[in-house]
Structure formats: C-alpha cells, structure tokens
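Q: These protein sequence lines map, in sequence, to chains A and B. Per our numbering: the first sequence = residues 16 to 406. Per our numbering: the second sequence = residues 16 to 406.
There are 2 protein chains.
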Amino acid sequence: MSFATYEYKERIRKTKERMMQKGIDVLLITDPANINYLSGYDGWSFYVHQMLVLIIDEDQPMWIGREMDANAAKVTTWLYRENIIPYPDDYIHSDIKHPMDFIAGILTEIGQDNRSIGVEMENYYFTAKSYEQLKKGLPNAKFQDATLLVNWVRLIKSDAEIEYMKRAAVIAERAMMAGIELIQEGVRECDVAAKIFHTQITGTKEFGGDYPAIVPLLPSGEKTSTPHLTWTDDRYKDGDAVIIELAGCYKRYHSPLARTVQIGKPNKDMKTLSEVAVEGINACLEMIRPGIACEEIEETWRKTIEKSGFVKESRLGYSMGLNYPPDWGEHTVSIRKGDKTILQPNMTFHLIPGLWLEHYGFEVSESIRITESGCETFAKMPRNLVLKEFV
Amino acid sequence: MSFATYEYKERIRKTKERMMQKGIDVLLITDPANINYLSGYDGWSFYVHQMLVLIIDEDQPMWIGREMDANAAKVTTWLYRENIIPYPDDYIHSDIKHPMDFIAGILTEIGQDNRSIGVEMENYYFTAKSYEQLKKGLPNAKFQDATLLVNWVRLIKSDAEIEYMKRAAVIAERAMMAGIELIQEGVRECDVAAKIFHTQITGTKEFGGDYPAIVPLLPSGEKTSTPHLTWTDDRYKDGDAVIIELAGCYKRYHSPLARTVQIGKPNKDMKTLSEVAVEGINACLEMIRPGIACEEIEETWRKTIEKSGFVKESRLGYSMGLNYPPDWGEHTVSIRKGDKTILQPNMTFHLIPGLWLEHYGFEVSESIRITESGCETFAKMPRNLVLKEFV
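1. Tell me the DSSP secondary structure of L370 (chain B) in three-state form.
2. Within a Cβ cutoff of 6 Å, which residues of the same chain sit near I307 (chain B), ignoring the five residues on either side of it in sequence?
3. Is there contact here, the stretch 346-361 of chain B with the stretch 169-177 of chain B, by at least three beta-carbon pairs under 8 Å?
4. Return the first residue and the last residue of the alpha helix (DSSP H) that G120 (chain A) is part of.
5. Can you tell me whether DSSP reads D160 (chain A) as helix, strand or coil?
6. Using a cut-off of 8 Å between C-beta atoms, extract the partners of Y179 (chain B) located in chain A.
7. Compile a chain-ordered list of the residues in the stretch 242-267 of chain A whose CB is closer than 8 Å to at least one CB of chain B.
8. According to DSSP, is K151 (chain B) helix, strand or coil?
9. Looking at the C-beta of G223 (chain A), does it have a partner C-beta in chain B at a distance below 8 Å?
10. What's the call for F141 (chain A), buried or exposed, on a 16-neighbour Cβ count within 10 Å?
11. Mind checking which residues open and close the beta strand (DSSP E) that includes M77 (chain A)?
12. Going by DSSP, what residues sit across from R274 (chain A) in a beta bridge?
13. Less than 7 Å separating the Cβ of D284 (chain A) from some heavy atom of the ligand ATP?
14. Is the shortest distance between the beta-carbon of N138 (chain A) and the beta-carbons of chain B less than 8 Å?
15. Could you list which residues in chain B have their beta carbon closer than 9 Å to that of A161 (chain A), in chain order?
16. Using a Cβ cut-off of 7 Å, pull out every chain B residue sitting near M83 (chain A), in sequence order please.
17. Using a Cβ cut-off of 8 Å (strictly closer), state whether I125 (chain B) contacts chain A.
18. Could you tell me how far apart the beta carbons of M115 (chain A) and G152 (chain A) are, in whole angstroms, since I believe they sit closer than 8 Å?
19. Starting from G295 (chain B), trace the alpha helix (DSSP H) both ways and give me its first and last residue.
20. Chain A beta carbons: is any one of them nearer than 8 Å to that of P8 (chain B)?
21. By the 7 Å beta-carbon criterion, what residues does the stretch 224-237 of chain A contribute toward chain B?
22. So which residues on chain A does S407 (chain B) lean against when the C-beta distance must stay under 7 Å?
23. Output needed in chain order: residues of the stretch 374-394 of chain B with a Cβ under 8 Å from some Cβ in chain A.
24. Grouping DSSP H, G and I as helix and E and B as strand, with all else coil, what is F212 (chain B)?
25. Excluding sequence positions up to five away, which residues of its chain have a Cβ less than 8 Å from the Cβ of T241 (chain A)?
26. Kindly indicate which three-state DSSP category V41 (chain B) falls into: helix, strand or coil?
27. Let me check understanding here. Comparing Cα to Cα, which of B:I259, B:W343, B:L122, B:D249 lies closest to Y226 (chain B)?
28. Give me the residue from B:V165, B:I320, B:L366, B:E237 with the minimum Cα distance to K29 (chain B).
29. Strictly below 7 Å CB to CB, what residues from chain B border R203 (chain A)?
30. Give the residues from the stretch 265-299 of chain B that approach chain A closer than 7 Å (Cβ to any Cβ), ordered along the chain.
31. Taking its Cβ as the centre, do 16 or more other Cβ atoms sit within 10 Å of I111 (chain A), making it buried, or is it exposed?
32. Do you know whose CA, among B:E176, B:R317, B:W246, lies nearest V293 (chain B)'s CA?
33. Contact check, A184 (chain B) vs S382 (chain B) under 8 Å by CB: the rounded distance?
34. Just to confirm before moving on: does the CB-CB distance between L331 (chain B) and T392 (chain B) stay below 8 Å?
35. Which runs of the beta strand (DSSP E) spanning at least 3 residues fall entirely within the stretch 224-250 of chain B, listed in chain order?
36. Check V185 (chain B) in the structure and name its three-state DSSP category.
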C-alpha cells in the first residue's frame with residue numbers, strides 16, 4: 016500500500032461527507048484513480064469492469080472485479096478479504112452477460128437495491144451500456160450522477176501525496192533532460208521517446224518510476240501545430256522544433272512537464288512565440304497564491320500575451336495528481352475564464368500555456384503546488400526555448 | 016498514413032455493409048482503434064471526446080474533435096479538410112457544456128437528426144453521460160447499439176496489417192529477451208520494466224516501435240498469482256518467479272507475448288505447472304486451422320491439462336491487432352467454451368494459457384495468425400519456464 020491505513024480512512028470519511036450532502040447511500044466508483052485513492056487497488060485491470068462500492072453505513076468499501084484480479088486486490092488494498100468479491104470470467108467481453116448484472120445481483124443480495132445510488136456518469140470506465148444494465152438490474156434504485164464526487168475530494172493533497180509528486184518531478188526533470196540531450200539532426204524520434212521512457216521508469220537510485228497516464232508527446236516540425244501526436248521513426252532535420260510533453264510518475268502520482276527544443280537556428284516567429292509564452296507563464300507564477308480565483312490566473316496570462324498580439328483559446332491548465340491512463344488530469348478545476356475555484360494550499364496544477372498555430376507551436380509547462388503564501392514549481396528547469404545548435 | 020487510401024475505403028465499404036444489415040444510417044464511432052481503422056487518425060487525444068461520423072450515403076466520414084487536435088486530423092487522416100470539424104475548448108471537462116451537445120448540433124444542422132443512429136454503447140470512450148446528452152440533443156433519432164460493429168470488420172487482417180504485426184513481433188521478441196537477460200537476484204523490478212520499455216519503443220534499426228496499449232505486466236514472487244500487476248522498485252530475490260507479459264507495437268498493431276522466468280531453482284510445483292501449460296499450448300498450436308470453431312481450441316487445452324489435474328476458469332485467448340489503451344484485445348472473438356466463431360485465414364489471436372493459483376502462477380503466450388492450412392506464431396521463442404540459475 017502506498018499510504019497508511021488512516022489516510023485511506025480519512026479519504027473515505029471525506030467521501031461519505033459528500034455522499035451525505037448529495038443524499039447518496041451507495042456510491043459505485045469506476046474511475047481507477049478513485050478506486051486507488053480509496054482502497055489502494057493498483058493493477059492494469061481497468062480494461063475490464065471493476066468497481067469499488069462505498070455504502071454510507073458501512074466502514075469499508077467492497078471491491079468487485081474479475082476473478083483473476085482478486086489476488087491483486089488482496090495484495091494492494093487495505094480491505095478485508097470478505098470485501099473482495101470476484102465475478103466469473105465468462106462475464107468478460109461477452110455479448111450475453113455483463114459485469115453490471117453481477118454487481119446488481121450483489122447489491123440486491125445485500126439489500127442495497129432500493130437505495131439512492133451514485134454513479135460516475137462521465138467516466139471512461141463507466142460505459143453507456145453499464146448504466147443501462149444497472150438500471151435494468153436495479154429497477155427500484157434511485158440513480159444519481161456522482162461524476163467527480165471523489166475527484167473533488169482529491170483536489171487538496173496531503174503532505175504524503177505532495178512528497179510523491181516531488182519524487183515524480185525529479186523523474187520528470189531527468190526524463191526531460193534525457194530527451195533534450197538526445198535530440199539532434201539525424202536522430203530518430205522513436206529513439207528519443209525510448210530514452211525518455213527508460214528514464215521515466217528506471218527513476219533514480221533511491222526510487223523507481225511508475226508508468227505515467229499519458230505517453231511522451233513528441234510532435235516535431237510542422238506537427239508542433241498540434242499537441243497530442245506521439246512519435247514516428249522519422250529522423251529530425253535541421254530547423255525542426257520539437258515539443259516534449261511528459262510526466263514523471265511515482266506510485267501513480269504525476270508531475271507533468273513540457274519544454275520545446277529547437278534544432279539549429281530558430282526562425283523569428285518561433286523566437287517571438289517562445290518569448291511571449293515564457294513571459295506569460297512567468298507572470299502567472301508570480302501572482303499565483305492562495306485566496307485568488309483560478310480564472311484570475313488565466314486573466315494574467317491573457318493580458319500578458321495580448322500585448323504581443325497573441326490569443327489562446329484553450330484552457331491554461333488543470334488540477335492533477337493521482338491517475339491512470341488515459342489522462343493525468345483530475346477533470347475538476349480548470350484554469351480558464353469562468354472557473355471561480357479559490358486556490359488553497361496543497362492544490363496542485365499543471366499550468367500549460369501551449370500555443371498551437373496553423374504551422375507551428377510552442378509549449379512550456381510547470382506542475383505547481385499552491386503554498387501558504389504563493390506557489391512553487393515541482394521541477395526546477397529553465398523555461399526558454401531550448402536551443403540545440405551544432406556549429 | 017499507415018495504409019493506402021484504397022485500404023481505408025475498402026474498410027469503409029465493409030463497415031457500411033454491416034450498417035445496412037442492421038438498418039443503421041449514421042454510425043457514431045468513439046473507439047479510438049475504430050477511428051484509426053477507418054480514417055488513419057492517430058494521436059493521444061482520446062482522453063477527450065472525439066468521434067468519427069459515418070453516414071451511409073456519404074463517401075467520407077467526418078472527424079469531430081477538440082479544436083487543438085484538428086491539425087492532428089489534418090496530418091494523419093485521408094479526410095477532406097471540410098470533413099474535419101473542431102469543437103471549442105470550453106467543452107472540455109466542463110460541468111455546463113458537453114461535447115455531445117455540439118455533435119448533436121452538427122448532426123441536426125446536416126439533417127441527420129431523425130435517422131437511425133448507431134452508437135458504441137460498450138466502449139471506454141462512450142460514457143453513460145455521452146449517451147444521455149445525445150438522446151437529449153437528438154430527440155427524433157432512433158438509437159441502436161452498434162458496439163463492436165467496426166471491431167468485427169477488423170477481425171480478418173489484410174496482408175499489410177499482417178506485415179505490421181510481424182514487425183511488432185520482432186519488437187516483442189527483442190523486448191522479451193531484454194527483460195529476461197536483465198532479470199536476476201538483486202535487480203530492481205523497475206529497471207527491468209525500463210529496459211523492456213526502451214526496447215519496445217526504439218524497435219529495430221529498420222523500424223521504430225509504437226507504444227503498446229498495455230504497459231509491461233511484471234508480477235513476481237507471490238504476486239504471480241494474479242496477472243495484471245505492473246512493477247515496483249523492489250529487488251528480485253533468489254527463488255522468485257517473474258511473469259513477463261508485453262507486446263511489441265508497430266503503427267498501433269500489436270503482437271503480445273508472455274513468458275515466465277525463474278530466478279534460481281524452481282520448486283516442484285512451478286516445474287509441473289509450467290510443463291502442463293506448455294504441453295497445453297503446444298497441443299493447441301498443433302490443432303489450430305481454418306474451419307474449426309474457437310471453442311474447439313479451448314477443448315483441446317482443457318483436455319490436455321485436466322490429465323494433470325489442472326483447471327483454468329478464464330478464457331484461453333482473444334482476437335487482437337490494432338489498438339489503443341487500455342486494451343490490445345478486440346473484444347469480439349474469445350477462445351472459450353461457447354464461442355463458435357469459425358477460424359479463417361488472417362484472423363489473429365493472442366493465445367494466453369495463464370494459470371494463476373492461490374500463491375503462484377505461470378504464463379506462456381503466443382500471438383498467432385490463422386494460415387491457409389494451420390497457424391503460425393508471430394514470434395519464435397522457446398516456451399518453457401526460463402531458468403536463470405547462477406551457480
């Protein structure tokens with residue numbers, strides 16, 4: 016287990032508080048990060064249906080999952096053996112049986128079938144079909160949307176969580192340096208990606224790395240006009256810019272980091288773009304402190320870059336920490352116009368002022384923690400366009 | 016693009032044939048593998064809503080996705096520019112707007128709102144909320160479950176796809192060898208994982224690797240009793256067994272492979288278990304050929320291992336090929352009792368007879384292609400328990 020049992024119990028207590036406020040008796044948790052957060056469960060088994068069932072008047076949640084994963088629940092969670100409930104393998108990828116039928120059966124068996132049940136309607140691991148099957152199997156239940164209920168509990172990190180994110184940042188710095196070091200004309204994109212992966216997973220002498228929820232993103236050349244391309248086996252050319260967006264990950268906790276590298280001389284446009292973005296992020300890092308609203312950060316950014324004639328339509332950042340593929344974002348707070356969340360100490364964000372224009376783009380990002388009086392970046396690296404000139 | 020345009024067009028034709036059979040006018044495709052299969056679209060953007068809309072009486076599908084990803088669609092697909100439709104960024108992780116509202120708007124605008132619309136009800140990337148929003152936004156549409164419709168088209172691979180899977184297998188073999196070589200007493204699990212990752216991504220001199228849909232699975236010691244644990248930074252001990260399950264990936268096509276490694280002397284139980292499993296998989300590989308039903312493979316396996324008193328409750332394998340996280344399986348055909356799918360040439364399966372007992376387990380697997388007269392394994396490696404004895 017990654018945390019002491021009392022920390023898990025405290026998380027359960029806070030979750031139940033929110034359930035109470037919403038009148039939810041039974042919370043069905045399908046987001047693997049939320050499952051991990053409350054139980055410790057860890058394993059790449061989220062590609063089949065699994066669930067944590069938290070009942071308002073029970074001490075411990077129940078884990079329900081595939082039979083072959085029950086031993087993983089025994090190894091990684093703080094739950095009693097009797098709260099680990101496997102379903103048979105013929106529920107897997109079947110067109111006649113669905114795991115939610117099994118789960119509905121269990122809930123009925125333990126007398127929870129006519130209660131107010133919260134489900135994570137907007138989650139990768141709660142499909143449209145899952146909801147349909149649950150409704151069929153539990154006709155007397157009252158369903159409520161509990162999307163992000165646990166995610167909101169995750170918003171403010173404990174000191175132990177911050178410590179994990181600091182370790183993740185050490186790994187992120189190393190992975191970024193490894194990538195930057197290798198990039199040059201004639202090198203294949205996949206070899207840079209491989210080096211980054213190696214550094215992410217091997218970690219440091221003192222602690223190893225976990226897999227980040229997103230693979231390294233490595234658009235280059237004209238492909239820097241869009242952020243989510245990965246890599247090819249093409250070779251870099253003189254004049255290419257390369258965006259590196261990656262995260263370090265330690266025990267499922269992330270510290271994302273982005274930098275942009277220029278092979279050879281940057282053209283004037285790229286130089287300008289990078290300077291504007293760095294000025295923008297620096298202005299934000301100076302003003303971020305507890306008590307202000309998220310949207311004020313975006314306002315500072317917008318006013319800084321609009322002096323140079325730039326506009327960014329996409330959001331400037333988001334809350335993050337613990338996660339599983341396909342995303343390291345928590346999907347709660349966004350740093351953008353209209354988000355009035357008030358910053359508090361130990362909130363953690365990925366501040367990512369990327370600018371993607373029609374034919375090129377620039378990214379620089381920092382993972383930050385709100386401190387008592389301001390903010391601090393998890394990683395410590397220069398933010399400017401990284402020049403790789405070979406003369 | 017990974018394939019010639021005519022191959023994409025042929026895939027579209029086959030998909031439309033199935034739409035016709037089911038009376039579907041408009042197919043909303045949210046599975047990133049299906050999106051890639053029909054359009055070529057590739058990028059780690061599936062963590063936000065995106066969709067391919069295939070209309071029965073239109074030549075080309077439309078891509079609808081996040082604004083910043085539209086340039087990725089321009090770079091990676093064969094679609095006309097006007098068929099790439101971005102939605103604004105304020106739809107992202109918002110509690111007031113949902114991308115499906117935008118999509119419903121587009122469908123209404125182009126007069127598709129009162130047709131028969133197929134949706135992938137059981138897919139990671141089509142949430143319960145997505146379906147609710149679509150139903151609200153398109154009250155006159157008739158919705159049909161089109162889960163796996165495109166996946167079934169993917170079942171029989173083209174020669175070009177088989178070529179990609181062969182390359183993936185070369186990478187898988189190398190990654191497996193790299194892992195096996197490094198494993199020994201005192202080595203950290205994360206360092207083995209890092210080495211495997213590096214080999215998966217760097218690929219060969221001739222071609223680079225893509226990221227597999229699942230990270231290396233590396234349970235060791237007592238944790239071999241369950242298949243989906245990843246790694247820690249613990250050091251291997253004398254007597255540990257280590258399961259390595261990984262895939263090579265080339266342009267999103269996978270060749271998974273599993274082996275089990277023994278550090279030091281295996282105990283008698285492990286030796287027996289491994290011999291039974293290898294005998295079982297060998298018996299299957301000998302009998303697999305076009306014309307037989309999938310369940311017959313499982314029967315051969317079952318009868319072979321039950322002679323030694325073993326039983327396996329979980330399925331023996333599944334169809335696979337093109338995919339994205341969180342799974343490389345296609346979710347169509349399973350090799351298990353009751354699956355009467357008749358084998359045909361160029362079907363491809365991951366045959367994975369893992370046996371996970373209460374305190375230890377053994378895995379050996381092969382990715383196979385059905386040939387004209389039998390089957391062939393993509394990788395060529397001995398199947399026995401790999402002994403790492405240091406005397």
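Virtual Cβ for every residue (Gly too), placed ideally from N, Cα, C.
A: Working from what's here:
1. Strand, per DSSP.
2. Excluding sequence neighbours, I307 (chain B) sits near L358.
3. With the cut-off at 8 Å, the stretch 346-361 of chain B and the stretch 169-177 of chain B touch.
4. Unbroken alpha helix (DSSP H) run through G120 (chain A): 114-124.
5. DSSP, reduced to helix, strand and coil, places D160 (chain A) within a strand of the structure shown.
6. Simply none; closest approach about 13 Å.
7. Among the residues of the stretch 242-267 of chain A, those with a Cβ less than 8 Å away from any Cβ of chain B are P242, H243, L244, T245, W246, T247, D248, in the order of the chain.
8. In the three-state reduction of the DSSP assignment, K151 (chain B) falls in the helix class, which pools H, G and I.
9. Residue-level contact by beta carbon holds for G223 (chain A) and chain B, with a gap shorter than 8 Å.
10. Residue environment for F141 (chain A): buried (at least 16 other C-beta atoms within 10 angstroms of its C-beta).
11. For M77 (chain A), the uninterrupted beta strand (DSSP E) segment begins and ends at 77-81.
12. For R274 (chain A), which the question treats as bridged, DSSP gives the partners A:I259.
13. No copy of the ligand ATP occurs in the structure displayed, which carries no ligand at all.
14. Answer yes: the Cβ-Cβ gap between N138 (chain A) and chain B drops below 8 Å somewhere.
15. Residues of chain B with a Cβ closer than 9 Å to the Cβ of A161 (chain A) do not exist; the shortest Cβ-Cβ separation is about 11 Å.
16. Residues of chain B with a Cβ closer than 7 Å to the Cβ of M83 (chain A) are, in chain order, T241, P242, S329, W371.
17. No, I125 (chain B) lies away from the interface with chain A (no Cβ there is under 8 Å from its Cβ).
18. Rounded, the Cβ-Cβ distance is 6 Å, consistent with contact.
19. In the DSSP assignment, G295 (chain B) falls within the unbroken alpha helix (DSSP H) covering 283-302.
20. Since the first and last residues shown for chain B are 16 and 406, residue 8 (chain B) lies out of range.
21. Residues G224, Y226, I229, V230, L232.
22. With chain B running from 16 to 406 in the structure shown, residue 407 (chain B) is simply not present.
23. Listed by position along the chain: nothing, the set is empty.
24. When DSSP states are grouped into helix, strand and coil, F212 (chain B) belongs to the helix group.
25. Counting only Cβ-Cβ distances below 8 Å, and skipping sequence neighbours, we find P234, W371, G376.
26. If DSSP states are grouped into helix, strand and coil, V41 (chain B) belongs with the strands.
27. For the options B:I259, B:W343, B:L122, B:D249, the alpha carbon positioned closest to that of Y226 (chain B) is the one of B:W343.
28. Here the closest residue by C-alpha is B:V165.
29. Listed along chain B are G223, each with a C-beta nearer than 7 Å to that of R203 (chain A).
30. Cβ proximity to chain A below 7 Å picks out nothing from the stretch 265-299 of chain B.
31. Its Cβ having fewer than 16 others within 10 Å, I111 (chain A) is exposed.
32. Looking from the CA of V293 (chain B), the closest CA among B:E176, B:R317, B:W246 belongs to B:R317.
33. In this structure A184 (chain B) touches S382 (chain B) by the C-beta definition: roughly 6 Å separates them, less than 8 Å.
34. No. Outside cutoff.
35. Segments of the beta strand (DSSP E) lying fully in the stretch 224-250 of chain B: there are none.
36. In the three-state reduction of the DSSP assignment, V185 (chain B) falls in the helix class.
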